[in-house]
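A.B. asks: For the record, the sequence lines run as chains E and B.
Under the numbering used here, think of the first position of the first sequence as 1, with each following residue one higher.
Under the numbering used here, think of the first position of the second sequence as 464, with each following residue one higher.
Glycine residues also receive a C-beta, built at the ideal position from the N, C-alpha and C atoms.
Quick caveat: nothing in here was measured; it's all calculated off a predicted structure.
Number of protein chains: 2
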Amino acid sequence: MTSLLLPEVKDALRSGDEKILAESVAALTQELLAADIADLLLTLEHDDAVKLFKALEPRKRVHAFEFLGLEEQEKLVENLGADTLGSVLDGMSSDDRADLFRYLPEAARERLYPMLAQAERNDVKRLLEFKEGTAGSVMSTEYATIRPDMTVSEALEHLRHVAPQRETIYVLFVVDDQRRLVGVVSLRELITAVTGSRVSSIMRREVISARATADREEVAALISKYDFLALPIVDENDVMLGIVTHDDVIDVIKAEATEDAQKVGGVEALELPYLETPVLTMVRKRGLWLVLLFVGQMFTANAMSHFENEIMVALVLALFVPMIISSGGNSGGQAASLIIRALAVGEVRISDWWRVVRREVITGLMLGGLLGVLGFVQVLVRAWFSPQEYRGHGMLVAATITVSLVVIVMWGSLAGSMLPILLKRLGLDPATSSTPFVATLCDVTGIVIYFAIAIFMLRGTLL
Amino acid sequence: MTSLLLPEVKDALRSGDEKILAESVAALTQELLAADIADLLLTLEHDDAVKLFKALEPRKRVHAFEFLGLEEQEKLVENLGADTLGSVLDGMSSDDRADLFRYLPEAARERLYPMLAQAERNDVKRLLEFKEGTAGSVMSTEYATIRPDMTVSEALEHLRHVAPQRETIYVLFVVDDQRRLVGVVSLRELITAVTGSRVSSIMRREVISARATADREEVAALISKYDFLALPIVDENDVMLGIVTHDDVIDVIKAEATEDAQKVGGVEALELPYLETPVLTMVRKRGLWLVLLFVGQMFTANAMSHFENEIMVALVLALFVPMIISSGGNSGGQAASLIIRALAVGEVRISDWWRVVRREVITGLMLGGLLGVLGFVQVLVRAWFSPQEYRGHGMLVAATITVSLVVIVMWGSLAGSMLPILLKRLGLDPATSSTPFVATLCDVTGIVIYFAIAIFMLRGTLL
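1. Please list, in chain order, the chain C residues whose beta carbon lies closer than 8 Å to that of E:V267.
2. How many Å lie between E:R341 and E:A214 at the Cα?
3. Which residues of chain E have a Cβ atom closer than 7 Å to the Cβ of B:P470, listed in chain order?
4. With E:R97 and E:T151 assumed to form a contact (beta carbons below 8 Å), what rounded beta-carbon distance in angstroms separates them?
5. Do you know whose CA, among B:R668, B:L519, B:E508 and B:G759, lies nearest B:R643's CA?
6. Is B:S790 near E:Q262, with beta carbons less than 8 Å apart?
7. The beta strand (DSSP E) spanning B:F691 covers which residue range?
8. Could you run through the region 689 to 710 of chain B and flag, in chain order, every residue whose CB is less than 7 Å away from some CB of chain E?
9. According to DSSP, is E:D247 part of a helix, a strand, or is it coil?
10. Is the shortest distance between the beta-carbon of E:S209 and the beta-carbons of chain B less than 8 Å?
11. Might you give, ordered along the chain, the residues of its own chain that have their beta carbon closer than 8 Å to the beta carbon of B:A675, omitting 5 neighbours on each side?
12. So, E:L190 versus E:L229, is the Cβ gap smaller than 8 Å?
13. Buried or exposed: where does E:G460 fall if 16 or more other Cβ atoms within 10 Å of its Cβ makes it buried?
14. Go to B:Y576, then tell me how far its alpha helix (DSSP H) extends in each direction, as first and last residue.
15. Are there any heavy atoms of the ligand ATP lying less than 7 Å away from the beta-carbon of B:L743, as far as the coordinates show?
16. Nearest CA to the CA of E:A344: which residue from E:A255, E:L128 and E:S413?
17. Helix, strand or coil for B:I455, going by three-state DSSP, please let me know.
18. Between which two residues does the alpha helix (DSSP H) harbouring B:S880 extend?
19. Please report the straight-line C-alpha distance between E:D247 and E:E142, rounded to a whole angstrom.
20. Where in the region 747 to 807 of chain B do unbroken runs of the alpha helix (DSSP H), each at least 4 residues long, occur, reported from the N-terminal end onward?
21. Which residues in chain E have a C-beta closer than 9 Å to the C-beta of B:A902? List them in chain order.
22. B:A607 lies in the beta strand (DSSP E); which residues open and close that run?
23. Using 8 Å for Cβ pairs, my map puts B:G728 next to E:T435. What's the rounded Cβ distance?
24. What does DSSP give as the partner residues of E:F101 in its beta bridges?
25. Does the distance from the C-beta atom of E:V397 to that of E:L462 stay below 8 Å?
26. According to the Cβ coordinates, are E:L70 and E:F101 closer than 8 Å?
27. Since E:T253 meets chain B, which of its residues come closer than 9 Å, beta carbon to beta carbon?
28. Could you confirm whether any beta carbon from chain E is found closer than 8 Å to the beta carbon of B:L738?
29. Step through the CB atoms of chain E and report whether any lies within less than 8 Å of the CB of B:Q628.
30. Whose C-beta lies closer than 8 Å to the C-beta of E:L222 among residues of the same chain, with five residues either side of it excluded?
31. Which residue spans inside the region 579 to 655 of chain B form an unbroken beta strand (DSSP E) run of at least 3?
32. Report the three-state DSSP secondary structure of E:I233 (helix, strand or coil).
33. Using a Cβ cut-off of 8 Å (strictly closer), state whether E:D215 contacts chain B.
34. Buried or exposed, going by whether 16 or more other CB atoms sit within 10 Å of the CB of E:L187?
35. Would you please verify whether the beta carbon of E:D90 is less than 8 Å from any beta carbon of chain B?
36. Taking 8 Å as the CB-CB limit, is B:F848 close to chain E?
Okay, here's the thing in structure tokens:
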């Protein structure tokens, strides 16, 4: 839809007259939703975007601004006059405004404070005190409260007045004189209730809430568990501080899944989107893990050099090292990614560890058996074509490969599944047991297992 | 909270009398939210859970049932009488009911149909016609509609009556005589509007909607983009069929992230939670990938056997094979997991491929350089302690390792980042370029690159 409008918008922007511009922009954007206007702003050149933004109707301007990313918001902030900027910032929902201020450098922040109305300035400063990642840092202070002694019709009348400034009016928080949270009513319940009855008689008193210092992930879990529209955030005295709404949860859940995916992939979690992360930051976040894994991998050279004599006698053993150890790493990576995700969504708990062990041992043996058969056939075929490499012991080498595969794949599945559970038990993030970490572990141990089995099975024959 | 109640609930269940049980259960569960009652049912032994469930107040029973997983719902279905079951099924929200029927085996489904009221039976059958994964398969048919010619107060009065049977009344869909969707109004707008004005004068006419045949992922993306409470689902004539609500989106987003994580980990996506997936299914879903990767890894043995002569002359080269090729695989895995996730959340598009190439080449060279330095030092140290292995050419071997690491790590980053983009360009799922797949690709190519560089650099000296 926005792409269809683009030529017309560009035409309008070309007309120099501000009044004509404002009129045509108003006509063009009338039926567009804020998210679409934001998309439109993103597709325009920066100068045109600023022009269009200024020509927008004030309320549309605020909503479209909220749908932009932090980087784009910052760019606009740098190019708007104090008047436009002040009205946009005042009009923003309190959580989005706090996000922007948290993102901006100190100097820009100080420059913006004077443009804000006193109430909004205090609001931002209070919200900025909450640490990133806490419920307080993602909450909005624009919620609708009612009193327990109001009648239903009084409460509805009150809502009619405050509705435009509240992020949601579909969940109403009942507070006492000290603004302590004493109950909650949904607008649905209010609308279907007898108009003369008191709020206190229809409100639910057991309220699920979270502390402002709680982890935002915890808040997301509560909202997702109960299918809430909004979760109240309170201080240690149950005094209401703000709300976190359903749409923020989607962002949190996406962000957490991204963080986990990056950690599982062996990258320290990035704070910014991929294309916005400076290359040096990227090198640091990936380099740390790569170096650790590299140091781990140095042990594969050590492990192999212990078996130099065996390799010298039967070079053919060395040819299968990558294939065998990576099979262990692959099955371990599979198990790790399954368990990490299952822990993240709560399908598996720490207490399930024994059930996981049994499943993985059985699965690992079956998978190892499968690969073992393939390995057996492969070695026999190779031995058929170049018998001198095997010095007449093709069958024995094939058996060695098969046994090694079964043991190593089983061991990989077990190690890969237990590491995330162990990390969680130690209070660490299970996603840290990244696939490459599991693979490296399996590589080093796999070499030892493989040559130990080879020495045992081939002693007196090939070795 | 539920765990504190557990002893009391168990006490109540022990009393044989049904009336006493119902009373104490009503008292205990009065202030509990449906999600918590569901948790309580899960912690009880199955027989106790059935008892408790039957003793619940009918409305609570329906809501608690909806919060249970499909497996638990099925177990309860098998143990409830026709009366209880019929009322629970009739009372369920239409999308949850359709989910259950879709999950149940054909025989169980046929047994349940007669217990449903006619309207609900037709509703289930209609919803079951939509294929799994489509918008139609996750939509609910319990939405609130109003007419364009209603006044605001008529619309509010209408809502008061239908509220209990609708999944949400906070978004109102305006339909004409043919039930075609012509507009949308939020309850917030309705409440703040002048009571005498017509719905047609306050409704927004440009409605964002989706077809019932659209992918559920697409629907989730729309709801998440616009921060909607509910998205209308229509047929090809714009006739309203249902809605998908904000809480369903969270489930879809979680499910998609889980699917991606499994694919990236080299596992075909599971349909059931980890612990509920039968071991044989697990073996099939993992075995297919493991076998493919194993076949790929067979080429490492082939590749190495081409360099048998070189290895024979300089066995030391073989010792570093696992370390070098896995460094390429690790950096490739990092790049792949970053890009797969960035594509999934829309941070990177196919058209960004050239920007990604430049970033990955620079990042890869820097990371390769970092590992190269470490490799150089390592080889020199090893050569110092066992000079006979290196036959006086420690410095040259160290340089070979360094150059190989730089090239292979850069190549890994490039291949790992381009594969997901290429897959997406071909219309395939980028998550299929799993970490182990990238690692295997890097293993085989890495061996060739390594020995080619070694032959070039060591010719006439060590080789």
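C.D. replies: So, from the data block:
1. Chain labels in this structure do not include chain C; the protein chains are E and B.
2. 22 Å
3. What B:P470 touches in chain E: nothing, since even the nearest Cβ is about 19 Å away.
4. In fact, because the Cβ distance is near 34 Å, the residues do not count as touching under 8 Å.
5. B:R668
6. It is not a contact, given that the beta carbons lie outside the stated cut-off.
7. Boundaries for B:F691: no beta strand (DSSP E) harbours it, and the DSSP string shows neither H nor E there.
8. Y689, D690, H709 and D710
9. helix
10. No - not a single Cβ of chain B is within 8 Å of the one on E:S209.
11. Closer than 8 Å at Cβ, skipping near neighbours: F593, T597, A598, G599, M602, I696, V697, D698, L704 and G705.
12. no
13. exposed
14. From DSSP, B:Y576 is part of no alpha helix (DSSP H); its letter is neither H nor E.
15. No copy of the ligand ATP appears in this structure; indeed no ligand is present at all.
16. E:A255
17. This structure cannot speak to residue 455 of chain B, because chain B is shown only from 464 to 926.
18. G857 to R888
19. Roughly 15 Å between the two C-alpha positions.
20. 771 to 776, 779 to 782 and 784 to 807
21. Simply S326, G329, N330, G333, T435, P436 and A439.
22. First-last of the beta strand (DSSP E) with B:A607: Y606 to I609.
23. 6 Å
24. In DSSP, E:F101 forms no bridge with anything.
25. yes
26. Not closer than 8 Å, so no.
27. Sequence inspection shows Ile at residue 253 of chain E; the Thr mentioned does not correspond to that position. Here the neighbours are I713, I716, K717 and A720.
28. At a cut-off of 8 Å between beta carbons, B:L738 contacts chain E.
29. No, because no Cβ of chain E sits closer than 8 Å to the Cβ of B:Q628.
30. Excluding the 5 residues flanking it on each side, E:L222 has same chain C-beta neighbours closer than 8 Å at I208, A210, F228 and L231, in chain order.
31. Listed in chain order, the complete beta strand (DSSP E) runs (minimum 3 residues) inside the region 579 to 655 of chain B are 606 to 609, 631 to 638 and 644 to 649.
32. strand
33. Cβ-Cβ to chain B under 8 Å: no for E:D215.
34. buried
35. no
36. no
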